[in-house]
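As you go down the protein sequences, you meet chains A and B in turn. Anchor point for the first sequence: position 26 equals 27 in the working numbering, and the numbering is continuous, going up by one each time. Anchor point for the second sequence: position 197 equals 198 in the working numbering, and the numbering is continuous, going up by one each time. Yeah, the Cβ is synthetic: ideal placement off N, Cα and C, and Gly gets one too. Written below as structure tokens is the structure these notes are about.
There are 2 protein chains.
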Amino acid sequence: MSQSVDRALAVLPLLARGPAGLGEVADALAVHKSTALRLLRTLHAHGYVHRQPDGRYRLGARLFALAAEAVENLDVKEVAQPYLRDLARATGHTVHLALHQDDEVVYVDKVDSRYPVRLYSRIGRPVPLTVAAVAKVLLADLPEAERRALAARIDYPRWTARSTPDAEAFLRELELVRAQGWAADLGGHEESVNCVGAPVRGPDGRVVAALSVSAPAAVVTGEELLELLPLVRRTAEAVGRDYSGEGEEGP
Amino acid sequence: MSQSVDRALAVLPLLARGPAGLGEVADALAVHKSTALRLLRTLHAHGYVHRQPDGRYRLGARLFALAAEAVENLDVKEVAQPYLRDLARATGHTVHLALHQDDEVVYVDKVDSRYPVRLYSRIGRPVPLTVAAVAKVLLADLPEAERRALAARIDYPRWTARSTPDAEAFLRELELVRAQGWAADLGGHEESVNCVGAPVRGPDGRVVAALSVSAPAAVVTGEELLELLPLVRRTAEAVGRDYSGEGEEGP
DNA sequence: ACGGACGTTGCACACTGCGCAACGCACCTG
DNA sequence: CAGGTGCGTTGCGCAGTGTGCAACGTCCGT
Numbered sequence: 002m003s004q005s006v007d008r009a010l011a012v013l014p015l016l017a018r019g020p021a022g023l024g025e026v027a028d029a030l031a032v033h034k035s036t037a038l039r040l041l042r043t044l045h046a047h048g049y050v051h052r053q054p055d056g057r058y059r060l061g062a063r064l065f066a067l068a069a070e071a072v073e074n075l076d077v078k079e080v081a082q083p084y085l086r087d088l089a090r091a092t093g094h095t096v097h098l099a100l101h102q103d104d105e106v107v108y109v110d111k112v113d114s115r116y117p118v119r120l121y122s123r124i125g126r127p128v129p130l131t132v133a134a135v136a137k138v139l140l141a142d143l144p145e146a147e148r149r150a151l152a153a154r155i156d157y158p159r160w161t162a163r164s165t166p167d168a169e170a171f172l173r174e175l176e177l178v179r180a181q182g183w184a185a186d187l188g189g190h191e192e193s194v195n196c197v198g199a200p201v202r203g204p205d206g207r208v209v210a211a212l213s214v215s216a217p218a219a220v221v222t223g224e225e226l227l228e229l230l231p232l233v234r235r236t237a238e239a240v241g242r243d244y245s246g247e248g249e250e251g252p
Numbered sequence: 002m003s004q005s006v007d008r009a010l011a012v013l014p015l016l017a018r019g020p021a022g023l024g025e026v027a028d029a030l031a032v033h034k035s036t037a038l039r040l041l042r043t044l045h046a047h048g049y050v051h052r053q054p055d056g057r058y059r060l061g062a063r064l065f066a067l068a069a070e071a072v073e074n075l076d077v078k079e080v081a082q083p084y085l086r087d088l089a090r091a092t093g094h095t096v097h098l099a100l101h102q103d104d105e106v107v108y109v110d111k112v113d114s115r116y117p118v119r120l121y122s123r124i125g126r127p128v129p130l131t132v133a134a135v136a137k138v139l140l141a142d143l144p145e146a147e148r149r150a151l152a153a154r155i156d157y158p159r160w161t162a163r164s165t166p167d168a169e170a171f172l173r174e175l176e177l178v179r180a181q182g183w184a185a186d187l188g189g190h191e192e193s194v195n196c197v198g199a200p201v202r203g204p205d206g207r208v209v210a211a212l213s214v215s216a217p218a219a220v221v222t223g224e225e226l227l228e229l230l231p232l233v234r235r236t237a238e239a240v241g242r243d244y245s246g247e248g249e250e251g252p
């Protein structure tokens, strides 16, 4: 749509592969050297391109700063909201979005079920680390060393007979969650509540959030809830794609 | 130098602060909406800009991918080489560049002293983790949990009386190195060799490499070597700036 | 049903970005 | 040391490209 901008933007992926001189850039773009020079100068003025001591060009610090700033100012909650609503409508159950921050997992958004039976969750409230599906999804993505350190640090309250009993079992459970890419809590926190969760991944592949569908056992059995798993996972992936700025359309 | 490219590039920092609609972008650039639209379309075609379901624009995945690829293909060794040479010339001693990769710290570059006495290091050879200055610099930057896990995993050979004896002492030493931003090895590996090292930081502030100056005790005492510390640290910072693509000039 | 805000399209003008050719400079090479 | 080659840099005249304008379409909220 805009020739010169088009060309300038094509320079960046080129330089991402490694440093290049003016001639190389001009050749790759199939333009005259003077043209390439102007483009590089403009990019340089904005800090997107860095000139090495040897005269060759590399990507500049601005690009890293931009990417970092963009991630910082990105609100998963805002991006996820429409997806959560769709998921709640499709399943008819309560949907949660949770984040992990300094040794706690907290709900940051929630769409209530249309059934009269409500759950006890509250936005902003910490989630039981050892049993909740979202907590397991979020913690499973930590580096192994941090996972072990955390597992040794936390308590293991026996909410129900199905609660995770100790650090060893917890780490095994996290390993499983990590491998299969989703988590379930079938009566681990309260006997009568089932829940399945899936990870939302950011641009670098790390898990940035988790979403889950919860329902009282009186309404759906564990097996029935697990049938929703593909939908839950697809939704989580869609949120991740949107959050990362991939693809085209929304929900 | 190039008006349209100039304007297009000015869009990115704008969007990094958060999503914006067409009108906002046009206003910020002080151009007509149609002009802003063309620029955004071009940026979108290249994937640098993502269109949200609500029609507003955000930075796109391409930017993150670029930043990641650039970091991947960046060779610290190549960037550091001229700095290492300068440092070796200025001090007259042996200079090393080391990286940390899966439980090992290895020398990836070396500039020999001009003194006849040489050291036993070799490029590509693993460095003793518990004593070498570069190892301490690199490991001190790990997250606390990984540091603890690693400290528990490795051996503590008693090369000399000054060698780090156990995990507890090692962790204390790493904490010190982390706080002060440099490390020393005064006869910890071999009685007769002293060494000071400093971290090279990447665009995200994480330590990506370490460089050090080593000299036989017969040539310089520990105190004399420590006088070189400011120079070593400044050099490491300069490498980091260049590596991150900041500032303008080389060594 | 109406008004406003927002994104989108087509068009004609002129300014901007283009390629060309010549220059300056550093580095080899005979 | 003269000649040659590869690099980045500069000035210039032409036209192609990007521009602002005005009008249209569409989706809101009132």
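Per DSSP, reduced to three states, the secondary structure at V201/B is strand.
Ranked by Cα distance from G206/A, the first of G223/A, Y244/A and E79/A is Y244/A.
Only those residues of the region 32-45 of chain B whose C-beta falls short of 8 Å from the nearest C-beta of chain A are listed: R39, L40, R42, T43 and L44. L15/B is a Cβ neighbour of A29/B, given a cutoff of 7 Å. Distance check between A146/B and each of S164/B, L172/B and V138/B places L172/B closest, using alpha-carbon atoms only.
S5/B belongs to the set of residues whose beta carbon lies under 7 Å from a beta carbon in chain A.
A27/B has a beta carbon lying at 7 Å or more from every beta carbon in chain A. For D142/A, no alpha helix (DSSP H) encloses it, and the DSSP letter there is neither H nor E. Assignment of H45/A by DSSP, reduced to helix, strand and coil, places it in the helix class. Contact between D142/A and V197/A does not hold, since the beta-carbon distance rounds to 17 Å and is not under 8 Å.
Around the beta carbon of P204/A, 16 or more other beta carbons lie within 10 angstroms, which makes this residue buried. Within 7 Å of the CB of Y49/B, the CB atoms of chain A belong to L10, in sequence order along the chain. Spanning the alpha carbons of L13/A and V77/A requires a straight line of approximately 28 Å.
Cβ-Cβ distances below 8 Å link R126/B to V107 and Y108 in the same chain, with the five nearest sequence neighbours on each side left out; the list follows chain order. In summary, the residues of the region 58-78 of chain B whose CB is separated from some CB of chain A by less than 9 Å are R59, L60, G61, A62, R63, L64, F65, A66, L67, A68, A69, E70, A71, V72, E73, N74, L75 and D76, in the order they occur in the chain. Under the three-state reduction of DSSP output, R57/B falls in the coil class, being neither helix nor strand.
Per DSSP, the unbroken alpha helix (DSSP H) holding Y244/A starts and ends at L230 to S245.
Annotation: T43/B to G188/A spans about 52 Å, alpha carbon to alpha carbon. Within chain A, the C-beta atoms nearer than 7 Å to that of G246/B come from H51, R59, L60, G61 and A62, in chain order. Around the beta carbon of A66/A, 16 or more other beta carbons lie within 10 angstroms, which makes this residue buried. Excluding its 5 nearest sequence neighbours in each direction, V178/B has C-beta neighbours in its own chain below 7 Å: K137, V138, A141 and A184, listed in chain order. The beta-bridge partner set that DSSP reports for S5/A is empty.
Counting C-beta pairs with one atom in each stretch, the region 151-165 of chain A and the region 221-238 of chain A have fewer than three that are closer than 8 Å, which means they do not touch. A check of alpha carbon separations from S193/B across V201/B, P217/B, A46/B and H51/B identifies P217/B as the nearest.
Taking a C-beta cut-off of 9 Å against chain A, the contacting residues of the region 130-154 of chain B are L143, P144, E145, A146, E147, R148, R149, A150 and L151, listed in chain order. Residue state for L187/A is assigned as strand, using DSSP reduced to three classes. A direct Cα-to-Cα measurement between L227/B and A199/B gives close to 12 Å. A straight line joining the alpha-carbon of L40/A with that of R8/A spans about 8 Å. CA-CA distance, Q4/B to L175/A, rounds to 53 Å. Here T95/B carries a strand assignment [DSSP, helix/strand/coil]. In terms of CA proximity to T161/B, D186/B leads the group D186/B, I155/B and Q181/B.
Counting the other Cβ atoms within 10 Å of the Cβ of G61/A gives 16 or more, which makes it buried. For P200/B, no chain A residue has a Cβ inside 8 Å of its Cβ, as the nearest lies near 18 Å away.
For E169/B, the secondary structure class from DSSP, reduced to helix, strand or coil, is helix.
Residues R57 of the same chain have their beta carbon placed closer than 6 Å to that of G22/B, with the five preceding and five following residues left out of the count.
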